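S.K.: Numbering (my numbering), first residue to last: 1 to 158.
1. Since residue 110 sits in a beta bridge, which residues does DSSP pair it with?
2. On the DSSP bridge assignment, give the partners of residue 37 in chain order.
3. May I ask you to list the residues that DSSP assigns as paired with residue 131?
4. Can you tell me whether residue 74 is buried or exposed? The criterion is at least 16 other CB atoms within 10 Å of its CB, across all chains shown.
5. To the nearest angstrom, how far is it from the Cα of residue 142 to the Cα of residue 40?
6. Ordered along the chain, which non-local residues of its own chain (more than five positions away) have a Cβ less than 8 Å from that of residue 66?
7. What does the Cβ neighbour count give for residue 50, buried or exposed, with the cut at 16 atoms within 10 Å?
8. Just how far apart, CA to CA, sit residue 161 and residue 128?
9. In three-state DSSP terms, what is residue 74?
10. Just the C-alpha distance for residue 43 and residue 147, rounded to the nearest angstrom, thanks.
11. From which residue to which residue does the beta strand (DSSP E) around residue 8 run?
12. Ordered along the chain, which non-local residues of its own chain (more than five positions away) have a Cβ less than 7 Å from that of residue 8?
13. Per DSSP, residue 58 forms a beta bridge with which residues?
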């Protein structure tokens, strides 16, 4: 797995980092025809939702980006993509994703941002990118790993 480390001093750095990744996703015309799955790991409050908010806004969403902690998923139609932001913190069993119709969220124009993906193991699609966000005092250290060709192409441009 290829990986890079990033030091982000504050929330504005996290939002700018998310925007950089979203910009790379948008830059590739053929990327619109490929799904993208990004796993987001980190303790409570580490910045997973902040990253997701910045990423979704950078793709063109103008309204609020709500945390899907209670709903499990919030979806955004951001042509040409359908972005699904999952927060699986409250998921008791991965099979719950099957009951909620996870397959309906997956197609070639889908971007999945999954917080707490370990709770959906075996049901979520395999990730292209894995991000680990860790506390570094008041800052954050982000490790981004690329697990597919698509993930490596994006990571190389960050």
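C-beta: ideal position from N, C-alpha, C; glycine also. A quick note: this is a predicted structure, and the numbers were derived from the prediction, not measured.
M.R.: According to the structure shown:
1. For residue 110, which the question treats as bridged, DSSP gives the partners 82.
2. DSSP output for residue 37 lists 112 as bridge partner(s).
3. According to DSSP, which records beta bridges pairwise, residue 131 is partnered with 40, 144.
4. With 16 or more Cβ atoms within 10 Å of its Cβ, residue 74 is classed as buried.
5. Computed Cα separation, rounded: 10 Å.
6. Answer for residue 66: 74, listed in chain order.
7. Flag for residue 50 reads buried.
8. Because the chain in this structure spans residues 1 to 158, residue 161 falls outside the shown range and cannot be described.
9. Residue 74 sits in a strand when the DSSP states are folded into three classes.
10. Rounded to the nearest whole angstrom, the C-alpha separation of residue 43 and residue 147 is 22 Å.
11. Where residue 8 is concerned, the enclosing beta strand (DSSP E) stretches over 2 to 8.
12. Cβ within range, chain order: 14, 17, 139, 140, 142.
13. In the DSSP output, where bridge partners are listed per residue, residue 58 has none listed.
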